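**Student:**
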Amino acid sequence: MDARYKSREIERRSLDVDGLKRSFLEWLVYSVGKDARAATRRDWFHTVALAVRDRLVDRWMDTTRTYYQQDAKRVYYLSLEFLIGRLLTNSLANLGITDQCRQALDRIGLNLDDVVEAEPDAALGNGGLGRLAACFLDSMASEALPGYGYGIRYEFGLFEQRFEHGWQVEYPEQWLQFGNPWEFPRPEVLYPVQFYGRVEEFRDSVGERAYRWVDAERVLAMAYDTPVVGYGGDTINTLRLWSARATRDFNFGHFNDGAYMKAVEQKVLTENLSRVLYPNDATEGGKELRLKQEYFFTSASLQDILRRYLQHHSNFDSLPDKAAIQLNDTHPAIGIAELMRLLVDQHGVLWDKAWDITRATFSYTNHTLLPEALEAWPVRMMERVLPRHMQIIYEINAKFLNRSKARAAGDNARLSRLSLIDERGDRRVRMGNLAFLGSHKVNGVSALHTELMKQTVFADFHAEFPERINNKTNGITPRRWLHQANQPLAALITSRIGNGWIKDLGQIKALAEKADDLVFREEFRRAKRKNKKRLAAYIARQTGVDVQVDSLFDVQVKRMHEYKRQLLNILQAIALYNEMRDNPTVSWVPVTKIFAGKAAPSYHMAKLIIKLINDVAKVVNHDPSVHDNLKIVLLPNYNVTAAEIIMPAADLSEQISTAGMEASGTGNMKLALNGALTIGTLDGANVEIREHVGDDNIFIFGLTAEEVNDLRASGGFNPREVIASNPSLKRALDMISTGVFSPDDPHRYHPILQALTDGGDHFLVTADFAEYCEAQQEAMDLYRDQEEWTRKAILNTANMGWFSSDRTIMEYATEIWDVHPVKPEHPAETEG
Ligand code: F55
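Numbering (the numbering used here), first residue to last: 350 to 1181.
1) State yes or no: is the C-beta of N629 nearer than 7 Å to some heavy atom of the ligand F55?
2) Going by beta-carbon coordinates alone, are L867 and I842 separated by less than 8 Å?
3) Suppose you measure from the CA of N605 to the CA of K611; what does that come to, to the nearest Å?
4) Assuming Q891 and P985 form a contact by the criterion Cβ under 8 Å, report the distance between their Cβ atoms to the nearest whole angstrom.
5) Which whole-angstrom value describes the C-beta separation of T710 and T587, a residue pair presumed to lie in contact below a C-beta threshold of 8 Å?
6) With distances taken from CA atoms, which of L461, N761, D1117 is nearest V1071?
7) From V406, I1049, V366, A762, pick the residue whose C-alpha is nearest to that of Q457; which is it?
8) Determine the direct distance from the alpha carbon of Q856 to that of L622, and round the result to whole angstroms.
9) So the beta strand (DSSP E) S1002 belongs to, where does it begin and stop?
10) Let's test the definition: count the other Cβ atoms within 10 Å of the Cβ of W516 and tell me whether it reaches 16, buried, or not, exposed.
11) So what does DSSP say about S1074, is it helix, strand or coil?
12) Per DSSP, what are the beta-bridge partners of Q905 in this structure?
13) Closer than 7 Å to a non-hydrogen atom of the ligand F55 - does that hold for the CB of N475?
14) Under 8 Å between the Cβ atoms of S765 and E813?
15) Among residues of its own chain, excluding the 5 on either side of M350, which ones have a beta-carbon nearer than 6 Å to its beta-carbon?
16) Once DSSP output is grouped into helix, strand and coil, what is the label at N819?
17) Should E1011 be listed as close to the ligand F55, given that the test is whether its C-beta is under 7 Å from any heavy atom?
18) Any contact of the stretch 882-900 with the stretch 914-929, i.e. 3+ C-beta pairs under 8 Å?
19) I'd like to know if the stretch 996-1015 and the stretch 875-890 are in contact, where contact means that at least 3 CB-CB pairs between them fall below 8 Å.
20) For P939, count the other beta carbons within 10 Å of its own beta carbon; 16 or more makes it buried, fewer makes it exposed. Which is it?
21) Just verifying my parser: in three-state terms, what is the DSSP assignment at Q615?
22) Just curious, the alpha helix (DSSP H) that W409 is in, first and last residue?
23) Should N475 and L444 be called a contact, given that it needs their Cβ atoms to be closer than 8 Å?
24) Within the continuous alpha helix (DSSP H) that includes V465, where are the two ends?
25) Curious, which full-length alpha helix (DSSP H) runs of at least 4 residues does the stretch 658-712 contain?
26) Between which two residues does the beta strand (DSSP E) containing A595 stretch?
27) Suppose the cutoff is 6 Å on Cβ atoms and the five residues either side in sequence are ignored; what does the same chain contact list for N988 look like?
28) State buried or exposed for S1183, treating a residue as buried only when at least 16 other CB atoms are found within 10 Å of its CB.
29) What's the C-alpha gap between S1063 and I818?
30) If you measure between the beta carbons of S795 and A1012, is that distance less than 8 Å?
31) Give me, in chain order, the residues of the same chain whose beta-carbon lies closer than 6 Å to that of G1181; leave out the 5 immediate sequence neighbours on both sides.
32) Does the beta-carbon of Y416 have 16 or more other beta-carbons within 10 angstroms, so that it is buried, or is it exposed?
33) For P536 versus A421, is the C-beta distance shorter than 8 Å?
34) Short of 7 Å in beta carbon distance, which residues of its chain neighbour N1075, apart from the five on each side in sequence? Order them along the chain.
35) Quick one: any contact between the stretch 1125-1137 and the stretch 374-382, if contact means 3 or more CB pairs under 8 Å?
36) By the 10 Å Cβ neighbour count, where 16 or more other Cβ atoms means buried, how is W1166 classified, buried or exposed?
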């Protein structure tokens, strides 16, 4: 072998400082095509990413080969969203070469932190659901589970949010603009996916009735693979994202005149399928492109899964022993009909057998109870876009309802609720019901949410299949959300209890006994202060507002939604502002209210709440009479990268959704793990957070889910009376309605006031206001006592071990998937 080639091959694996440095210089020249003098920060990012990528390829292939050779059972996580964020810091930390990389860059005169900043944030998701999928990828790889993520390689991720005159404006998010060094295009991994056309009936070779889908339009799904590095770098799994390609008819076709331009246009239209992520975290009622996206990636993934299975098997009997497919919400639920179609129509499996295999293979996670967020596709659209699937769904439904009829004993209302078809109004396919019926397990994402699933949306199904619903309380990866994002605290923790907590977060409990140690408290506060300084600098850069580092950082970061009640928070801010102005001689606890979050572009009320927060911020921040004791900021473009700066710096975590409406929350976990105290309702996983951190270390307020339910049912709630009896609430609302915050347009907030009064205050903002203010007062009072506050903050961190996504994922693995850790064999490293 050529000596130079050989030396380079070794270089690609070297993990020491010199080897890394030589790799960087080589990559910069030969792959990025720049010399060191001309290189931009972005060039260096690409250089470093490519060099780091070299160092994980061997182990990636070892991992894949081991799974193949052992024919291990794999789990396939099907998700329309993977909110993975940046990957460089994550890859370095999980490979354990952060320090070496930093030193190697130092020797070239570069700072790793600057290089890291040049990476775009991969925003292939809306919020919690997408970020959960990313945390699960990290946990599967770190737990050595044979897990694959399957999704769409959107060209445009979640829109970039800017504020113009305080209003949200959306801009396209072009994360692929300068190329993506982490992905491997696989032009040979290509599957056809069909749409439209019609179904033909025919007699098969043994004279049985059979169906084929003909005259359909064809799109190709092309794979792009991204390695998913587990902690320690031993297991490296795969995230496979599909991109739409026009079929080769276009390339081979020959055209005359206008036909050529038409054909190119058609190609562009076809490839629009994977162009953009739908920016709604709740609903995008009945958009055909969205249905096509769902089917596109689900079909390609299932074809890929079956191809892999057939490498070792000649019939489908043991598919459920070799593949577990998890549906991340109903977005991929069409996969149930698609697997039936593939098995029955394409592979000749008999219906009943195919159904048993399908049900044993799939499981489904529900992430919301909000009725408007439950997917229901118009039958007429489904018939047109996926005619064979519509037939299959009818067939599944007929067989199911026939069997249920016997037990329903003439209860037709019950049968119509169980039906896969909603017959009220325009007929629709209920994807939740399809997902439930086609899965052997169905889970909620917190204890409360799972109970409510049983009582509400799936009550009838639960009665029919009492074993099927189970709970898997969400978790977060401690690698990204503590080890990487909060280095000051991570270092402090490791200095006291070692670094075992990174892979086994339960160990963090050992910090609890340090909560009474004054020296430890001081160091804990110092770490928090460092993070707050970093956030303050970020706030100044992003908004121009100067905040006091030693003020109480009160943080609400999440999608803008009425049920999450950012409105409750800003109303309390107005009330506090009034109190401060009324009592200028009182020594107030300085408070900084920090908001961040995107509104769906078509969600007018959420956008109006954004404008309100910005308007209130402008008035408060410029009012000298509050002596800088209150600042309000709304940070633009909240994403994973911003979250990594915000979470470590928070003192108080706002988790104030109307009880019964937030399925779980995961930001609540990130904040508590980083030592923020929660102010929250008994909703979602807040309930379990309270159980773990202890009632004394959390501020709980407001109506419970049961009380909310009763209140709504009794109709006995009059927001106008509540407002009239609470002077501080009334005053805040009057200020909004008289244009104190919108002198240029005094009626701007009429829709908000309307919703809170005549609208019946559906989210019970006014009902919870008084108790919320009391809880806020309690938090401010406690903050004066920095020792007590720190003690409780430490106890939060110490007691959050259970909320690691490693715990969650191992529960899925043992209780739903029956998949087991497989340690990759690394032959290259054992050779002499
Ligand atoms: C995205 C698209 C559609 Cl069509 C519907 C919902 C979403 C979405 O993003 N949902 C979402 O983020 N749900 C959240 O899931 C989290 C993870 O389970 C929960 O913690 C959170 O409570 C829930 O709102």
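Just so it is clear, CB atoms sit at the ideal spot from N, CA and C, and this is done for glycine as well.
Keep in mind that this is a model prediction, so the values were computed, not measured.
**Tutor:** Taking the definition as stated:
1) At least one heavy atom of the ligand F55 is found less than 7 Å from the C-beta of N629.
2) Not in contact: L867 and I842 (Cβ atoms no closer than 8 Å).
3) CA-to-CA, the gap between N605 and K611 works out to about 10 Å.
4) Rounded, the Cβ-Cβ distance is 6 Å, consistent with contact.
5) About 19 Å separates the two Cβ atoms, so there is no contact after all.
6) Here the closest residue by C-alpha is D1117.
7) Per the sequence presented here, residue 457 reads as Ile, with Gln not at that position. Nearest Cα to I457 within the set V406, I1049, V366, A762: V366.
8) Straight-line Cα distance between these residues: approximately 45 Å.
9) Element bounds for S1002: 1001-1004.
10) With fewer than 16 other beta carbons inside 10 angstroms of its own, W516 counts as exposed.
11) DSSP, read as helix, strand or coil, puts S1074 in coil.
12) DSSP, once it has assigned bridges, lists F944 as partnering Q905.
13) Correct: N475 has its Cβ closer than 7 Å to the ligand F55.
14) Judged by beta-carbon spacing, E813 lies beyond the 8 Å limit of S765, meaning their Cβ atoms are not closer than that value.
15) In this predicted model, M350 has a pLDDT of only 42, less than 50, meaning its place in the structure is not dependable enough to derive any value.
16) Assigned with DSSP and collapsed to three states, N819 falls in strand.
17) For the ligand F55, at least one heavy atom lies less than 7 Å from the Cβ of E1011.
18) The stretch 882-900 and the stretch 914-929 do not touch, with fewer than 3 CB-CB distances between them shorter than 8 Å.
19) Between the stretch 996-1015 and the stretch 875-890, the count of C-beta pairs closer than 8 Å reaches three or more; the two stretches touch.
20) Around the beta carbon of P939, 16 or more other beta carbons lie within 10 angstroms, which makes this residue buried.
21) For Q615, the three-state secondary structure derived from DSSP is helix.
22) Here the alpha helix (DSSP H) through W409 covers 390-419.
23) L444 sits away from N475, with the two beta carbons spaced by 8 Å or more.
24) For V465, the uninterrupted alpha helix (DSSP H) run begins and ends at 461-466, by DSSP.
25) Fully enclosed alpha helix (DSSP H) runs of 4 or longer: 668-671, 683-690, 700-710.
26) Per DSSP, A595 belongs to the beta strand (DSSP E) from 585-595.
27) Here the set comprises D470, A472.
28) Coverage of the chain is limited to positions 350 through 1181, which leaves residue 1183 absent and any answer about it impossible.
29) When rounded, the separation of the alpha-carbon atoms in S1063 and I818 is 29 Å.
30) At the C-beta level, S795 and A1012 come within 8 Å of one another.
31) With a pLDDT of 39 at G1181, under the threshold of 50, the predicted position of this residue should be treated as unreliable, though the coordinate-derived value follows. Here G1181 has no same chain residue with a Cβ atom under 6 Å from its own Cβ, once five neighbours each way along the sequence are excluded.
32) The residue in question, Y416, is buried, as its Cβ has 16 or more Cβ neighbours within 10 Å.
33) Not a contact, by the Cβ cut-off of 8 Å.
34) Cβ contact annotation for N1075 (same chain, cutoff 7 Å, sequence separation greater than five): F1118, A1119, in chain order.
35) No: the two stretches stay apart, fewer than three of their Cβ pairs being nearer than 8 Å.
36) Buried is the call here.
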